[in-house]
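To start, the structure itself, in structure tokens.
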Amino acid sequence: MSDTWTLFSSLVGGIGLFLLGMGLMTDSLKLAGGFALKQVLARGTRSRILALLSGFSITALVQSSTAVTVMAIGFVNAGLMQLSRSIWVLYGSNVGTTMTAWIVALIGFKIKVDVVALPAIGLGVLFYTFSKNIRFKSLGGVFTGLGLLFFGLQLMQQSFSGVEQLVDFSWIHSASLLNLALMVIVGALFTAVMQSSSASLAVVLTAVSTGMLTIEVGAAAVIGANIGTTVTALLAVLKASANARRLAFAHLFFNIVAALIAFVLMGAMLSLIGWLGNSQGIEQAPAVTLAMFHTIFNVVGVLAMVPLTDGMTRYLKGLFQSQEEQLSRPRFLDKVTAESPDNAVKALSLEQQRLMRKLGELLQDTTKAMPGERTPESRFVVSKLISAINDFIADCSRREMTTGIAETMQHSLRVNSRSVAVVECLRELHKEELSISGLPDQVATAVIKLRDMINKVAQHGCKLEELDAKELIELLHEFEKQYNHTQFLLGLSAQERSIEMRKMERTTLHLSLLRRATRQYTKALLSMLHLEGRAEGQYLSTSI
Numbered sequence: 198m199s200d201t202w203t204l205f206s207s208l209v210g211g212i213g214l215f216l217l218g219m220g221l222m223t224d225s226l227k228l229a230g231g232f233a234l235k236q237v238l239a240r241g242t243r244s245r246i247l248a249l250l251s252g253f254s255i256t257a258l259v260q261s262s263t264a265v266t267v268m269a270i271g272f273v274n275a276g277l278m279q280l281s282r283s284i285w286v287l288y289g290s291n292v293g294t295t296m297t298a299w300i301v302a303l304i305g306f307k308i309k310v311d312v313v314a315l316p317a318i319g320l321g322v323l324f325y326t327f328s329k330n331i332r333f334k335s336l337g338g339v340f341t342g343l344g345l346l347f348f349g350l351q352l353m354q355q356s357f358s359g360v361e362q363l364v365d366f367s368w369i370h371s372a373s374l375l376n377l378a379l380m381v382i383v384g385a386l387f388t389a390v391m392q393s394s395s396a397s398l399a400v401v402l403t404a405v406s407t408g409m410l411t412i413e414v415g416a417a418a419v420i421g422a423n424i425g426t427t428v429t430a431l432l433a434v435l436k437a438s439a440n441a442r443r444l445a446f447a448h449l450f451f452n453i454v455a456a457l458i459a460f461v462l463m464g465a466m467l468s469l470i471g472w473l474g475n476s477q478g479i480e481q482a483p484a485v486t487l488a489m490f491h492t493i494f495n496v497v498g499v500l501a502m503v504p505l506t507d508g509m510t511r512y513l514k515g516l517f518q519s520q521e522e523q524l525s526r527p528r529f530l531d532k533v534t535a536e537s538p539d540n541a542v543k544a545l546s547l548e549q550q551r552l553m554r555k556l557g558e559l560l561q562d563t564t565k566a567m568p569g570e571r572t573p574e575s576r577f578v579v580s581k582l583i584s585a586i587n588d589f590i591a592d593c594s595r596r597e598m599t600t601g602i603a604e605t606m607q608h609s610l611r612v613n614s615r616s617v618a619v620v621e622c623l624r625e626l627h628k629e630e631l632s633i634s635g636l637p638d639q640v641a642t643a644v645i646k647l648r649d650m651i652n653k654v655a656q657h658g659c660k661l662e663e664l665d666a667k668e669l670i671e672l673l674h675e676f677e678k679q680y681n682h683t684q685f686l687l688g689l690s691a692q693e694r695s696i697e698m699r700k701m702e703r704t705t706l707h708l709s710l711l712r713r714a715t716r717q718y719t720k721a722l723l724s725m726l727h728l729e730g731r732a733e734g735q736y737l738s739t740s741i
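Residues 198 to 741 in my numbering are what the sequence shown spells out, letter by letter.
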């Protein structure tokens with residue numbers, strides 16, 4: 198009983214030390230070069246090959262595919278990296294994780310704990326504890342992590358060597374299809390529970406090096422570990438952003454494809470590795486054979502994904518969409534509708550009415566004293582919707598149509614052009630936010646009245662079916678009077694030196710952008726009414 202407990206505690210303790218060492222080493226490397234690594238990842242994705250190499254090199258350095266995945270998701274969400282490029286970063290990251298197996302196989306089993314690992318831990322702790330320099334502190338973390346990693350490997354090796362004397366594992370040596378498939382499942386489950394493919398690989402390599410597992414059975418477990426490593430990412434993104442879910446499922450798809458190829462070609466790959474070793478006169482250790490197998494099938498997986506990635510990316514974009522992306526999709530426009538010019542005109546009118554409502558909501562946000570939190574997202578929705586409408590009009594223009602319908606399409610393009618102008622003004626307004634607290638009382642009151650009038654214009658646009666062109670023109674004329682009055686009061690305050698020059702310039706710019714946005718929105722509304730036959734041409738040519 199005592200021997201069994203000693204072996205069990207050595208195994209569990211060895212795994213714990215390995216995980217602790219790996220985590221400490223990874224955190225220290227990220228601390229030392231985190232910013233530089235982010236810069237490499239952000240700039241090194243101009244092509245698929247560069248993205249692949251960036252993912253590989255950074256993962257091989259920090260020994261954490263999770264860290265690379267998190268950085269990639271952050272860059273995609275910030276618009277600094279395309280989704281298609283981030284997927285290739287993930288492919289490179291998968292190949293980069295195979296470096297852990299090489300460290301274990303080539304160095305880990307040959308290190309003498311008392312000669313290298315224990316001194317590394319001692320030296321690392323000294324640096325980590327007493328150094329105030331962040332570089333030396335990180336270096337101490339790396340030394341300590343490596344020492345703990347190798348110490349853990351030796352404990353696992355000792356425990357596996359003793360297990361065979363207590364338990365008969367001959368039944369697991371079978372290379373039958375059923376047994377290999379079972380080991381794939383065991384490897385996946387073990388990795389999912391441990392939430393670390395590095396730890397799983399270390400256990401498998403140790404078991405193979407001590408003769409507890411055959412190379413074929415170990416290879417099956419390695420394949421399973423490759424699949425199991427996706428579980429952590431999948432659980433983490435259940436309620437995450439659309440881009441995070443896309444990357445997590447791209448990771449899963451890649452690992453499944455690579456695992457299927459490796460399982461089918463396992464015998465051929467192991468034979469090739471053996472032949473390469475014999476041809477070079479090199480006697481390969483079982484752990485080295487598995488490390489090479491792990492690298493080869495991940496590289497083959499990358500090659501297999503070359504023709505599949507574009508289609509997978511399109512599928513994932515459609516499968517996982519953010520709320521903003523869903524709102525920005527046209528509801529009435531599609532390729533079938535574009536085939537019939539009459540139906541296209543009706544659908545176009547409905548979609549542009551929806552555009553005017555959303556643009557009105559966006560304009561209303563701007564009239565608040567504190568801009569609405571959803572303003573940037575709303576701008577994204579409106580901009581994408583405008584682009585979709587323009588694409589639909591371009592698609593329709595390639596088909597034969599009557600002169601009247603062609604003129605209607607041109608008129609709809611003008612509505613979109615004015616909508617773009619509104620969005621651009623609102624984008625600039627978001628940069629030049631105006632606080633009325635520092636304005637003279639009479640100017641602040643005038644600005645509030647001006648915003649109230651803009652709010653009324655926007656409310657009219659949100660109820661397009663009830664909108665009257667004459668009433669809208671009158672409202673705009675009132676707005677112009679209030680705008681001129683506000684500018685007069687602002688100039689008067691400047692003469693009386695009751696407002697700082699810088700504050701006056703910012704207020705003038707803010708009011709000018711508000712005026713341009715309101716005028717362009719009104720023109721877009723009048724154009725919509727004209728398209729529906731509810732406004733005469735005189736309203737379009739009126740001086741607004």
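Where is the CB? At the ideal position from N, CA and C, for every residue including glycine.
Item, Value
"Do the region 592-612 and the region 690-708 meet, that is, are 3 or more Cβ pairs less than 8 Å apart?", "no"
"So, with DSSP's three-state summary, where would you put A482?", "coil"
"Which class does G408 belong to by DSSP, given the choice of helix, strand or coil?", "coil"
"Take every Cβ of the region 321-338, pair it with every Cβ of the region 489-496, and state whether three or more of those distances are shorter than 8 Å.", "no"
"To the nearest angstrom, report how far apart L723 and V617 are at their CA atoms.", "16 Å"
"Which first and last residues belong to the alpha helix (DSSP H) in which N613 is found?", "600-628"
"Are there any heavy atoms of the ligand PLP lying less than 6 Å away from the beta-carbon of I453, as far as the coordinates show?", "What this structure holds is no ligand at all, so the ligand PLP is not there to describe."
"Around the C-beta of H448, are 16 or more other C-beta atoms found within 10 angstroms, so that it is buried, or is it exposed?", "buried"
"Please classify I583 as buried or exposed, where buried requires at least 16 other C-beta atoms within 10 Å of its C-beta.", "buried"
"Let me check understanding here. Comparing Cα to Cα, which of V428, V454, P504, I453 lies closest to R442?", "V428"
"Would you please state the rounded distance, in angstroms, between the beta carbons of L559 and R576? I believe it to be under 8 Å.", "6 Å"
"Can you grab the Cα-Cα spacing for the pair S546 / L610, in whole Å?", "12 Å"
"The alpha helix (DSSP H) that contains E558, what's its start and end?", "538-564"
"7 Å is my cut-off, CB to CB: does Q392 come that close to chain B?", "Among the protein chains of the structure shown there is no chain B, as only one such chain exists."
"When you compare each of P483, P316, F272 to A298 by their alpha carbons, which one comes out closest?", "P483"
"Pairs of beta-carbons, one from the region 454-461 and one from the region 493-508, closer than 8 Å: are there three or more?", "yes"
"Please classify A566 as buried or exposed, where buried requires at least 16 other C-beta atoms within 10 Å of its C-beta.", "Here the model assigns A566 a pLDDT of 45, short of 50, so the residue's position is not dependable, and the following value carries that caveat. Result: exposed."
"Please name the residue, chosen from K514, M598, L386, L513, that lies closest to V542 on a Cα-to-Cα basis.", "M598"
"State whether the region 705-715 contacts the region 601-610, with contact taken as three or more CB pairs (one from each stretch) at a distance under 8 Å.", "no"
"Roughly how many whole angstroms lie between the Cα atoms of M509 and L631?", "45 Å"
"List the whole-angstrom C-beta distance separating S207 from Q355, where the pair is believed to meet the contact cut-off of C-beta under 8 Å.", "6 Å"
"Nearest-angstrom Cα distance between K646 and K581?", "32 Å"
"Could you compute how far the alpha carbon of V401 sits from the alpha carbon of V339?", "24 Å"
"Starting from Q679, trace the alpha helix (DSSP H) in both directions and tell me its first and last residue.", "666-692"
"Just to confirm the assignment, what range does the alpha helix (DSSP H) spanning M509 have?", "506-516"
"Here's the rule I'm using: 16 or more other beta-carbon atoms within 10 Å means buried, otherwise exposed. How should R716 be labelled?", "buried"
"Using the Cα positions of I318 and T341, report the straight-line distance between them to the nearest angstrom.", "4 Å"
"Should the region 380-392 be called in touch with the region 469-476, which here means at least 3 C-beta pairs below 8 Å?", "no"
"What do you get for H657, buried or exposed, if any count of 16 or more other CB atoms within 10 angstroms of its CB means buried?", "buried"
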